[in-house]
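In my numbering, the protein residues as written are 73 to 361.
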């Protein structure tokens, strides 16, 4: 397996200077990629706009986004993805997500939570066809726009579209429609069981997902939070390694379960990204092979 480790910033980068610091640290430590997350109501940059900036300022950098799919204008999303892939020289990575189901984000996404799965089922094939040069269309067959096709197309043909999620319906959907799986907030054991469901669903649909296209997004904590405080407790401590040694062990456990692509991010933004990435490199960068 070709193990690759990207760095997730989430929505934490608060300024161009901070984003520059992260990318410089990633490049210096030879991490695989920069990942930004789309949360509409959180502070931070729009991921696709910010990745276009990174592509121009740091040529050759691989860039990844977890991007919302429900509620999007599909033609606009296809245009954005193709643009960033062009600007990055074919180095865009994409994981499409349904969006958070809590707080203001629940309303901001614009699609009720129970309908988001159906929205992805309809939208993903249409998005894939447009990115391959097919006619411009919406998520339903009645949404055909008529003349015209996406231009420019992505450099990558095909542009791989990954999904996440641990719910049974999400696993089935990934097997039927996606090019890869990137779950988060899960243990290696739970991910291994989910991987088997994805592979079986793909087989039933007459598809095969590349064995190299299974990854995990791993948040880590530097110290164990006080009970009742901090995101690690809220999300379940079992899924959050505490300390860089535990993070290294967690990545190794995932690789033993058949996972090879990772996005790791500190649960709390560090005081210095440069220092954090240097220490991360000492702890885990050698696992890339």
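Glycine included, C-beta positions come from ideal geometry on N, C-alpha and C.
To which residues of the same chain is residue i closer than 8 Å at the C-beta, ignoring the five residues directly before and after it?
{"i": "residue 232", "result": "165, 166, 251, 252, 285"}
{"i": "residue 187", "result": "142"}
{"i": "residue 127", "result": "133, 135, 156, 159, 160, 161, 163"}
{"i": "residue 349", "result": "79, 94, 97, 98, 100, 101, 103"}
{"i": "residue 359", "result": "75, 77, 320, 323, 324, 327"}
{"i": "residue 272", "result": "247"}
{"i": "residue 347", "result": "none"}
{"i": "residue 314", "result": "292, 293, 294, 295, 296, 304"}
Quick one: what does DSSP say residue i is sitting in, helix, strand or coil?
{"i": "residue 245", "result": "helix"}
{"i": "residue 300", "result": "Confidence in residue 300 is poor, its pLDDT being 49 and thus under 50, which makes the residue's placement unreliable; the coordinate value appears in the next sentence. Looking at residue 300 - three-state DSSP - the assignment turns out to be coil, as it is neither helix nor strand."}
{"i": "residue 309", "result": "With a pLDDT of 49 at residue 309, under the threshold of 50, the predicted position of this residue should be treated as unreliable, though the coordinate-derived value follows. Helix at residue 309."}
{"i": "residue 78", "result": "strand"}
{"i": "residue 337", "result": "strand"}
{"i": "residue 174", "result": "coil"}
{"i": "residue 133", "result": "coil"}
{"i": "residue 155", "result": "helix"}
{"i": "residue 108", "result": "strand"}
Excluding the five sequence neighbours on either side, which residues of its own chain have a C-beta within less than 7 Å of the C-beta of residue i, listed in chain order?
{"i": "residue 300", "result": "The pLDDT assigned to residue 300 is 49, lower than 50, so where the model puts this residue is not dependable; a value taken from the coordinates is nonetheless given after this. There are no such residues."}
{"i": "residue 224", "result": "154, 158"}
{"i": "residue 124", "result": "155, 156, 159"}
{"i": "residue 190", "result": "none"}
{"i": "residue 105", "result": "78, 134, 135, 136, 165"}
Since I believe residue j is in contact with residue i (beta carbons under 8 Å), could you give me their beta-carbon distance rounded to a whole number of angstroms?
{"i": "residue 171", "j": "residue 227", "result": "28 Å between Cβ atoms; not a contact."}
{"i": "residue 83", "j": "residue 107", "result": "Not really, about 11 Å apart at Cβ, beyond 8 Å."}
{"i": "residue 169", "j": "residue 140", "result": "6 Å"}
Could you tell me which of the options sits nearest to residue i, measuring between CA atoms?
{"i": "residue 144", "options": "267, 110, 320", "result": "110"}
{"i": "residue 195", "options": "236, 149, 271", "result": "149"}
{"i": "residue 88", "options": "185, 79, 116", "result": "116"}
{"i": "residue 76", "options": "288, 130, 243", "result": "288"}
{"i": "residue 293", "options": "341, 222, 269", "result": "341"}
{"i": "residue 361", "options": "324, 338, 347, 336", "result": "324"}
{"i": "residue 256", "options": "358, 118, 337, 86", "result": "337"}
{"i": "residue 112", "options": "177, 86, 317, 182", "result": "177"}
{"i": "residue 147", "options": "274, 183, 200, 118", "result": "200"}
{"i": "residue 81", "options": "205, 290, 151", "result": "290"}
{"i": "residue 229", "options": "206, 235, 266, 243", "result": "206"}
{"i": "residue 234", "options": "174, 185, 275, 333", "result": "333"}
Within 8 Å of any Cβ in chain C, is that where the Cβ of residue i sits?
{"i": "residue 198", "result": "Any reference to chain C falls outside this structure, which holds one protein chain only."}
Ordered along the chain, which non-local residues of its own chain (more than five positions away) have a Cβ less than 6 Å from that of residue i?
{"i": "residue 345", "result": "93, 94, 97"}
{"i": "residue 220", "result": "208"}
{"i": "residue 304", "result": "The predicted position of residue 304 is uncertain, since its pLDDT is 41 and thus under 50; a value taken from the coordinates is nonetheless stated next. If we look at residue 304 and ignore the five residues flanking it on each side, its Cβ neighbours are 293, 297, 312, 339."}
{"i": "residue 264", "result": "329"}
{"i": "residue 277", "result": "248"}
{"i": "residue 180", "result": "112, 113"}
{"i": "residue 270", "result": "243, 246, 247, 253"}
_So, does the stretch 236-248 touch the stretch 264-283, judging by three or more C-beta pairs under 8 Å?_
yes
*Segment contact flag, the stretch 351-358 with the stretch 89-109, C-beta cutoff 8 Å, min 3 pairs*: Output reads yes: the stretch 89-109 touches the stretch 351-358.
*Within the chosen definition, does the stretch 320-334 reach the stretch 257-276 through at least 3 CB pairs nearer than 8 Å?*
yes
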